[in-house]
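Structure first, commentary second.
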Amino acid sequence: DAERDTFLFDTFPEDFMWSSATSAYQIEGGWNEDGKGVSIWDEFSHDPTLIYGGQSGDVACDSYHKWRDDIEILKEMKLKAYRFSISWSRLLPDGTVNSINEAGIRYYNELIDGLLEANIVPVVTLYHWDLPLNLHKKYGGWLNVAIVQDFNNFAKLCFMRFGDRVKNWITLNEPWVVAQLGYGSFVKAPGILGDGMKTYIAAHNLIKAHAAAWHTYDNEFRAKQGGIVGISLNCDWAEPYKRTNPVDVEASNRLLQFFIGWFAHPIFVDGDYPEIMKTRIDNKSRLQGYTESRLPKFTEEEKQFISGTSDFLGLNHYTTTYTAPAPEDNSVPPGWGKDNGVQKWFNKKWPGSGSGWLKGVPWGIRRLLEWLKEEYNDPDIYITENGFSAREPENLDDTGRVQYYMSYINEVLKAIKLDGVKVKGYTAWSLMDNFEWAAGYSERFGLYHVDFNNPSKPRRPKLSAKLYTTIVENNGFQEESHGTLEMYLDP
Ligand SMILES: O=S(=O)(O)CCCN1CCN(CCO[C@@H]2O[C@H](CO)[C@@H](O)[C@H](O)[C@H]2O)CC1
Numbered sequence: 000d001a002e003r004d005t006f007l008f009d010t011f012p013e014d015f016m017w018s019s020a021t022s023a024y025q026i027e028g029g030w031n032e033d034g035k036g037v038s039i040w041d042e043f044s045h046d047p048t049l050i051y052g053g054q055s056g057d058v059a060c061d062s063y064h065k066w067r068d069d070i071e072i073l074k075e076m077k078l079k080a081y082r083f084s085i086s087w088s089r090l091l092p093d094g095t096v097n098s099i100n101e102a103g104i105r106y107y108n109e110l111i112d113g114l115l116e117a118n119i120v121p122v123v124t125l126y127h128w129d130l131p132l133n134l135h136k137k138y139g140g141w142l143n144v145a146i147v148q149d150f151n152n153f154a155k156l157c158f159m160r161f162g163d164r165v166k167n168w169i170t171l172n173e174p175w176v177v178a179q180l181g182y183g184s185f186v187k188a189p190g191i192l193g194d195g196m197k198t199y200i201a202a203h204n205l206i207k208a209h210a211a212a213w214h215t216y217d218n219e220f221r222a223k224q225g226g227i228v229g230i231s232l233n234c235d236w237a238e239p240y241k242r243t244n245p246v247d248v249e250a251s252n253r254l255l256q257f258f259i260g261w262f263a264h265p266i267f268v269d270g271d272y273p274e275i276m277k278t279r280i281d282n283k284s285r286l287q288g289y290t291e292s293r294l295p296k297f298t299e300e301e302k303q304f305i306s307g308t309s310d311f312l313g314l315n316h317y318t319t320t321y322t323a324p325a326p327e328d329n330s331v332p333p334g335w336g337k338d339n340g341v342q343k344w345f346n347k348k349w350p351g352s353g354s355g356w357l358k359g360v361p362w363g364i365r366r367l368l369e370w371l372k373e374e375y376n377d378p379d380i381y382i383t384e385n386g387f388s389a390r391e392p393e394n395l396d397d398t399g400r401v402q403y404y405m406s407y408i409n410e411v412l413k414a415i416k417l418d419g420v421k422v423k424g425y426t427a428w429s430l431m432d433n434f435e436w437a438a439g440y441s442e443r444f445g446l447y448h449v450d451f452n453n454p455s456k457p458r459r460p461k462l463s464a465k466l467y468t469t470i471v472e473n474n475g476f477q478e479e480s481h482g483t484l485e486m487y488l489d490p
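Once you know that position 139 of the sequence shown is 138 in my numbering, the rest is easy, because the numbers rise by one and skip nothing.
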């Protein structure tokens, strides 16, 4: 329909939260400074065979020392908020509250106070993948239910020490990636090869840990601190290959349930996994000779405990795939991919990026936002990540990223104004180039360029930083300012 393809000139809601994001391991460096404990990403990236060019986050953007520069560039872009994460092992070197590293507490206090001075709202992610190594070695990290208490203690410490000034909390960043790529593949730390069970055990404990932290805030801190606690879930939009073909539509829904429903259904609906996940994994487990389903079960009281434990839905979205049913595959070793029975692919016409998994498909974010509104009873949604990568060397004239942000942000505007989705904020990933996990510094997501070969790690604005600032200043797309945006676009 016409509106789907036309650019919308309009403004976002008055108090819309324009933001940008980073994460501790990807920017801080100071990997073993001032008493910080070792994380699983310190260890993972110290194996040069696992990271592009043998690179690591030992120094990264050196934000442990240069956080004032980060606040400066947030101010240059006139942003309202800044999403960053707390390094668990910087505060709790062995992961437990037996030993608190006050130097770590001081670092985050200085950053938070600096942001408030600059009139920038701190949005804090408690866990962005950097598990204290000791918890992995001691009891298997997310594979052991013991982690629920340790995570809850870590969360409570953060609420206690920072909650007088931090009012926006995200418990976990992308539990799908933690479970599926950390415990179901080899792409992310701790790099445990998938067996079709560990990924589901890790997810089970991630969901319990999230709920425990939310209840702690709700019971012990909300009354006096008045903040909100949510979770950031990643999801690609799953476009049915043929919208008129019921099996393609069914496959699309099935993938969305396996991708985001895995976590969103328990937390936003009824404390349990989506029916389609239970049915398919139970059936396949039986066929594969398991005595019980590879998908763990929540008890009735666990369902009560988990249901309703989020004040908003944080969405990390980057791209879209076509979907259609895949031939049923009951072969062993089983896995999340085989379990969902969906094949996904990119239209080769879609513009690429610096990352193999990321194609620019702007209309996908609007379709996903519409689906989330329907599926999860119209929740408040914060887009906590959206962004575009390019391979280094990238020049500052990053028109591909300009095009991506122009179009994706306009689709978010349509979702709000035309579809009534309650999107409360938008966060560009990322504030600056940083350590892109297994890709090291070869894939760049920054609005600001960082020269990692220069010891002072200088931050310099790309064209996209100027574009984003124009959009923030106009709180959207004003007819007259569009001319200025025009000049940013490919001639
Ligand atoms: O299909 S494969 O398994 O071969 C490749 C993985 C596919 N995606 C990669 C992106 N990730 C979500 C984005 O991950 C997010 O986005 C940023 C850019 O990556 C990261 O820097 C952030 O830390 C992270 O929160 C979900 C998994």
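Just so you know, even glycine gets a beta-carbon here, dropped at the ideal spot from N, CA and C.
{"query": "Contact belief for Asn100 with Gly34 at Cβ below 8 angstroms, rounded distance in angstroms", "result": "4 angstroms"}
{"query": "Inter-stretch contact (C-beta, 8 angstroms, three-pair minimum) for the region 255-271 and the region 344-363", "result": "no"}
{"query": "Nonlocal neighbours in the same chain, by C-beta distance under 6 angstroms from Pro12, ignoring five residues either side", "result": "none"}
{"query": "Buried versus exposed, by CB contacts within 10 Å (16 or more), Pro490", "result": "Because Pro490 carries a pLDDT of 44, less than 50, the predicted location of this residue cannot be relied on, and no value is offered for it."}
{"query": "As assigned by DSSP and simplified to three states, the class of Met503", "result": "This structure does not reach residue 503, given that the chain is present from 0 up to 490, and the question cannot be answered."}
{"query": "heavy atom of ligand 1 below 7 angstroms from Val123 C-beta", "result": "no"}
{"query": "Span of the alpha helix (DSSP H) around Gly229", "result": "Where Gly229 is concerned, there is no enclosing alpha helix (DSSP H), although the beta strand (DSSP E) it sits in stretches over 227-233."}
{"query": "Alpha-carbon spacing of Gly103 relative to Trp213, whole angstroms", "result": "23 angstroms"}
{"query": "Local Cβ density within 10 Å of Tyr138, reported as buried at 16 or more and exposed below that", "result": "exposed"}
{"query": "C-beta contact flag for Gln224 and Lys155 at 8 angstroms", "result": "no"}
{"query": "Uninterrupted beta strand (DSSP E) stretches inside the region 159-212 (no shorter than 3 residues)", "result": "167-172"}
{"query": "Distance CB(Lys207)-CB(Val144) smaller than 8 angstroms", "result": "yes"}
{"query": "Residues near Pro47 in its chain [Cβ-Cβ closer than 7 angstroms; skip 5 each side]", "result": "Gly53"}
{"query": "Contacts around Glu393, its chain only, beta-carbon distance under 6 angstroms, and the 5 residues preceding and following it disregarded", "result": "Arg443"}
{"query": "Collapsed DSSP secondary structure at Arg221 in the structure displayed", "result": "helix"}
{"query": "Buried/exposed call for Ile433, threshold 16 Cβ in 10 Å", "result": "Reading the sequence as shown, one finds Asn at residue 433 and not Ile. Buried, since its Cβ has 16 or more Cβ neighbours within 10 Å."}
{"query": "Asp489 - DSSP class collapsed to helix/strand/coil", "result": "Here the model assigns Asp489 a pLDDT of 47, short of 50, so the residue's position is not dependable, and the following value carries that caveat. Residue state, collapsed to three classes: coil."}
{"query": "Ligand 1 heavy atom lying under 7 angstroms from the CB of Leu255", "result": "no"}
{"query": "Simplified DSSP state of Gln148, which is helix, strand or coil", "result": "helix"}
{"query": "Asn151, buried or exposed, once every other Cβ within 10 Å from all chains shown has been counted against 16", "result": "buried"}
{"query": "Rounded C-alpha distance that separates Thr412 from Gly475", "result": "A quick correction: the sequence has Leu, not Thr, at residue 412. When rounded, the distance between both Cα atoms is 8 angstroms."}
{"query": "Arg89 burial status per 10 Å Cβ neighbour count (16 or more: buried)", "result": "buried"}
{"query": "Status (buried if at least 16 other CB within 10 Å, exposed otherwise) for Asn218", "result": "exposed"}
{"query": "Straight-line Cα distance separating Gly439 from Lys74", "result": "27 angstroms"}
{"query": "Rounded straight-line distance, which links the Cα of Lys302 to that of Gly203", "result": "Correcting the residue type first, residue 203 is His in the shown sequence and not Gly. Approximately 12 angstroms between the Cα atoms of the pair."}
{"query": "Cβ-Cβ separation, Glu27 to Ser86 (assumed contact under 8 angstroms), whole Å", "result": "6 angstroms"}
{"query": "Inter-residue CB distance, Ala188 and Trp128 (contact presumed, cutoff 8 angstroms)", "result": "7 angstroms"}
{"query": "Near ligand 2: Leu192 beta-carbon under 7 angstroms from a heavy atom", "result": "Absence of ligand 2 is noted for the structure shown, with ligand 1 being the only ligands found."}
{"query": "Collapsed DSSP secondary structure at Trp66 in the structure displayed", "result": "helix"}
{"query": "Limits of the beta strand (DSSP E) - the one that Ser18 falls within", "result": "16-20"}
{"query": "Chain-order list of residues whose beta-carbon lies under 6 angstroms from that of Phe8 (same chain, five-residue window excluded)", "result": "Phe476, Glu478"}
{"query": "Sequence-distant residues of the same chain with beta carbon closer than 6 angstroms to Ser84, five excluded per side", "result": "Ser22, Ala23, Thr124, His127"}
{"query": "Nonlocal neighbours in the same chain, by C-beta distance under 8 angstroms from Tyr447, ignoring five residues either side", "result": "Ile72, Leu430, Met431, Asp432, Arg458, Arg459, Pro460, Lys461, Ala464"}
{"query": "Proximity winner among Ile415, Leu395, Ala323, Asp57, relative to Leu368 (alpha-carbon distances)", "result": "Ile415"}
{"query": "Local Cβ density within 10 Å of Lys65, reported as buried at 16 or more and exposed below that", "result": "buried"}
{"query": "Any non-hydrogen atom of ligand 1 within 7 angstroms of Gln287 CB", "result": "no"}
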